[in-house]
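Accompanying notes for the structure given below.
Protein chains: 4
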Amino acid sequence: MAGGRPRDPHAEEAILRATLDLVAEVGLSGLTVDAVAARAGVGKATIYRRWSSKEALLFEAVATVAEEPPSPDTGSLRDDLLALSVPLGEKLADPHQGRVMVEMAAAAAQDDALREVQRAFVERRRASGRAILRRAVDRGEVPADVDADLVLDLVVGPAIYRSFLSHRPVDADLMVRTVDAVLAGLAVAAPS
Amino acid sequence: MAGGRPRDPHAEEAILRATLDLVAEVGLSGLTVDAVAARAGVGKATIYRRWSSKEALLFEAVATVAEEPPSPDTGSLRDDLLALSVPLGEKLADPHQGRVMVEMAAAAAQDDALREVQRAFVERRRASGRAILRRAVDRGEVPADVDADLVLDLVVGPAIYRSFLSHRPVDADLMVRTVDAVLAGLAVAAPS
Amino acid sequence: MAGGRPRDPHAEEAILRATLDLVAEVGLSGLTVDAVAARAGVGKATIYRRWSSKEALLFEAVATVAEEPPSPDTGSLRDDLLALSVPLGEKLADPHQGRVMVEMAAAAAQDDALREVQRAFVERRRASGRAILRRAVDRGEVPADVDADLVLDLVVGPAIYRSFLSHRPVDADLMVRTVDAVLAGLAVAAPS
Amino acid sequence: MAGGRPRDPHAEEAILRATLDLVAEVGLSGLTVDAVAARAGVGKATIYRRWSSKEALLFEAVATVAEEPPSPDTGSLRDDLLALSVPLGEKLADPHQGRVMVEMAAAAAQDDALREVQRAFVERRRASGRAILRRAVDRGEVPADVDADLVLDLVVGPAIYRSFLSHRPVDADLMVRTVDAVLAGLAVAAPS
DNA sequence: TATTAAGCGAGACGGTACGTCACGTCTTAGG
DNA sequence: CCTAAGACGTGACGTACCGTCTCGCTTAATA
Chain A
1 MAGGRPRDPH AEEAILRATL DLVAEVGLSG LTVDAVAARA GVGKATIYRR
51 WSSKEALLFE AVATVAEEPP SPDTGSLRDD LLALSVPLGE KLADPHQGRV
101 MVEMAAAAAQ DDALREVQRA FVERRRASGR AILRRAVDRG EVPADVDADL
151 VLDLVVGPAI YRSFLSHRPV DADLMVRTVD AVLAGLAVAA PS
Chain B
193 MAGGRPRDPH AEEAILRATL DLVAEVGLSG LTVDAVAARA GVGKATIYRR
243 WSSKEALLFE AVATVAEEPP SPDTGSLRDD LLALSVPLGE KLADPHQGRV
293 MVEMAAAAAQ DDALREVQRA FVERRRASGR AILRRAVDRG EVPADVDADL
343 VLDLVVGPAI YRSFLSHRPV DADLMVRTVD AVLAGLAVAA PS
Chain C
385 MAGGRPRDPH AEEAILRATL DLVAEVGLSG LTVDAVAARA GVGKATIYRR
435 WSSKEALLFE AVATVAEEPP SPDTGSLRDD LLALSVPLGE KLADPHQGRV
485 MVEMAAAAAQ DDALREVQRA FVERRRASGR AILRRAVDRG EVPADVDADL
535 VLDLVVGPAI YRSFLSHRPV DADLMVRTVD AVLAGLAVAA PS
Chain D
577 MAGGRPRDPH AEEAILRATL DLVAEVGLSG LTVDAVAARA GVGKATIYRR
627 WSSKEALLFE AVATVAEEPP SPDTGSLRDD LLALSVPLGE KLADPHQGRV
677 MVEMAAAAAQ DDALREVQRA FVERRRASGR AILRRAVDRG EVPADVDADL
727 VLDLVVGPAI YRSFLSHRPV DADLMVRTVD AVLAGLAVAA PS
């Protein structure tokens, strides 16, 4: 048993593009499936056949354009961490992207499936961060028993906190000072 | 001309209570103005007369029940910081409250007025935190040029980041390890 | 046992005037008590203290400006009837007044009290018409057993029917032809 | 491009039936679109997709159940006219139907489109009446230059006037006496 | 003259219905 | 079986009026 018309890949592409365009224009909360369908020149059913909700659609659309997490290996822990955190800071500093990020976080908070998607998305970036720390351990820059997860939380947390909750500006300088403060803590914890 | 029947404070109270009850039951996204009105035994217009949106209503309801920010003065920077951060961690660890927090953050991201309310709310807590650091400076625990804002971001950020974005558990232990890591950084920055 | 402030006759007058102005502008269905109160510079309670509904208010407002029914006595039945019917035709021919009349009829259809008011209002005009016919009988113009009520119904009915239901124009010529046709019927019923 | 799901004729039917049921129960003014939707098991949008107002809906519902205008041909002008007017009299005599009729007239007075609908509805009945008179002319019962429109206005007007405005009872006897009076006028106008 | 009961403008109150919007599903005809 | 189009039932939205109810004032007639 088989056959039937195959799904049109053009439709998929058009939907994702329309989604990104619209979310940039009106935000996640202002996004409507009707508008996506109209913009993409597609029936609503064609969207729901592929995604279970507009949030799921947005998550995939965002994933589509998200570049691979950077895996920097500059030989310096500080530079590696900055290569990881500065792009995040730039994303949060952009009002559009920052708003969409917190709206996605809110959506994920209410839906187990989306939460898992977002967790996995973040985890991929964290894996890259753990690799950075592993190399730093190998180089002797930090003690072997460093709590990599906590270090990453400390590097990333302040920017998230500022952007999502305390509504103070995020910029590159913040990321630098954050990394330096965290490294200071690692140094004292591991004196020669 | 001044006249007119004054607004009924009982209605105000009933609305806020109904809002809190309902948001605890169904979350911000599941909250409807109709339901609040019904639960409070109030007409919808009575709600809209006071608040411009259900988000604004929720913000005030939450502010109403929010206890004053703790102003601990234990004589120890570490204990003071924990007194500040552990209650936040507990709030985030509760699925209900954590979800509502990120939903409120998303709402604030889309509305200037709400953003300002949230910013002020957070700022009051941060002021308490800056006082803690000032006292620590006075005691000589940390150098006078400590960047209090960054320290507070580092203390709070990881928990926010975990709860909102990376969806890993938050608990008291996390708060302790975070504070200790931050203090380690301060120590090395200010060696005797 | 004592007084209390007497009702302000200025308020009464202002309310009735505002009602007539507004009903001319927006019709009975578009009339709101709030608007009447605002226009009259009066509290809503001051209106409800005097009238039980906006329809009752309108009925009294209209009665206030309604001139006394004409009691023509030209010596000719034809002229007397025309003196009675032509002004009605003019009222119906005016789109504003015609619309308000049918709206008032609809309101009266739903409310016993208003129906009685309207019935009495019409009855006063009919009494004048019956007097006309009585005089015509006295003059020997028509037989003594003429059914005055039916004659009046025949004189007035066509204009009402055209205006309310069949939506064809009403004009003075219609009233003349109607009266002449009715008189023709009377003549044959009372030959020489 | 033509596609799209066709409108469900079952919904249409259910809506019209619910409308008639409800208007019989509560009258036009007591009719609510919500109630129609609930009774018909239909969403409100499904109603608004087809009709622009509850009045428009009612007009169509009434038209749906209105029997074709009688086209009597008894060979007698008197009997033909009675065949036309007596059923109208019965309709007006019924409090329910009479009330709805005047409410519909009031609605038509305020809306051009509805007025045209009602005008056309009445006109169809009037055409039947004109045919009656034409045949009477052919038979030589009345002169060729009879003003058919005026005759019909005279036959129908009194009942309308009584029901809508003067609030006196309408019954079959009234219709008979009206027709006889009108015929008397025609006879004198056309003596052998 | 002091009291007092009712009226006053203003406007908030609990309701009800409005007409709109977006949801996610379903039903067409056609490829 | 997929497609575009678009109607479907559901349910919340924010608005507009309804008729009632305080408010803090007059304003006269009564005691």
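Chains as they are written, first to last, in the numbering used here: chain A, 1 to 192; chain B, 193 to 384; chain C, 385 to 576; chain D, 577 to 768.
Ideal Cβ placement from N, Cα and C applies to all residues, glycine included.
Note that the coordinates shown come from a computational prediction; the quantities given were computed from them, not determined experimentally.
Cβ of residue i less than 7 Å from any chain C Cβ?
i, result
"residue 729/D", "yes"
"residue 737/D", "yes"
"residue 743/D", "yes"
"residue 605/D", "yes"
Check the Cβ-Cβ distances between residue i and every residue of chain A, and say whether any is below 7 Å.
i, result
"residue 333/B", "no"
"residue 313/B", "no"
"residue 306/B", "no"
"residue 206/B", "no"
For residue i, go through chain A and note every residue whose CB falls closer than 9 Å to its CB, in chain order.
i, result
"residue 339/B", "177, 181"
List, in chain order, every chain C residue whose beta-carbon is nearer than 7 Å to that of residue i.
i, result
"residue 679/D", "490, 493"
Does the beta carbon of residue i sit closer than 7 Å to a beta carbon anywhere in chain D?
i, result
"residue 521/C", "no"
"residue 387/C", "no"
Name, please, each residue of chain A whose Cβ falls closer than 8 Å to the Cβ of residue i.
i, result
"residue 289/B", "Ordered by position in chain A, no residue passes the 8 Å Cβ test against residue 289/B, which lies about 11 Å from the chain."
Just the chain A side, please: which residues come within less than 7 Å of residue i by C-beta, in chain order?
i, result
"residue 356/B", "105, 160, 164"
Report the option in the options whose CA atom is closest to the CA atom of residue i.
i, options, result
"residue 396/C", "556/C, 429/C, 535/C, 387/C", "429/C"
"residue 483/C", "581/D, 685/D, 593/D, 677/D", "685/D"
"residue 536/C", "550/C, 557/C, 509/C", "509/C"
"residue 147/A", "166/A, 170/A, 186/A", "186/A"
"residue 239/B", "231/B, 264/B, 207/B, 275/B", "207/B"
"residue 740/D", "682/D, 750/D, 704/D", "682/D"
"residue 546/D", "619/D, 648/D, 618/D, 594/D", "Outside the shown range of chain D (577 to 768) lies residue 546/D, about which nothing can therefore be said."
"residue 8/A", "38/A, 92/A, 21/A, 42/A", "42/A"
"residue 668/D", "752/D, 581/D, 586/D, 748/D", "748/D"
"residue 660/D", "690/D, 730/D, 611/D", "730/D"
"residue 216/B", "232/B, 287/B, 264/B", "287/B"
"residue 528/D", "657/D, 690/D, 677/D", "In the structure displayed, chain D extends from 577 to 768; residue 528/D sits before or after that span and is not available."
"residue 753/D", "551/C, 561/C, 533/C", "533/C"
"residue 52/A", "39/A, 112/A, 72/A", "112/A"
"residue 72/A", "58/A, 140/A, 129/A", "129/A"
"residue 296/B", "196/B, 219/B, 195/B", "219/B"
"residue 202/B", "213/B, 195/B, 232/B", "232/B"
In chain B, which residues lie less than 9 Å from residue i when you measure between Cβ atoms?
i, result
"residue 150/A", "350, 366, 369, 370, 373"
Are there any heavy atoms of the ligand ATP lying less than 6 Å away from the beta-carbon of residue i, as far as the coordinates show?
i, result
"residue 506/C", "As presented, the structure is devoid of all ligands, the ligand ATP included, so that no description of it is given."
Query raised in the report: With a cut-off of 8 Å, do at least 3 Cβ pairs link the stretch 560-573 of chain C to the stretch 600-614 of chain D?
Result: A contact between stretches requires three or more CB pairs, one per stretch, nearer than 8 Å, and the stretch 560-573 of chain C fails this requirement with the stretch 600-614 of chain D.
Query raised in the report: When the Cβ atoms of the stretch 264-274 of chain B are set against those of the stretch 53-70 of chain A, are three or more pairs found closer than 8 Å?
Result: no
Report task. Pair every Cβ in the stretch 314-330 of chain B with every Cβ in the stretch 116-134 of chain A, then say whether three or more of these pairs are closer than 8 Å. Result -> no
Query raised in the report: Does the count of Cβ pairs from the stretch 463-473 of chain C and the stretch 537-556 of chain C closer than 8 Å reach three?
Result: These segments touch.
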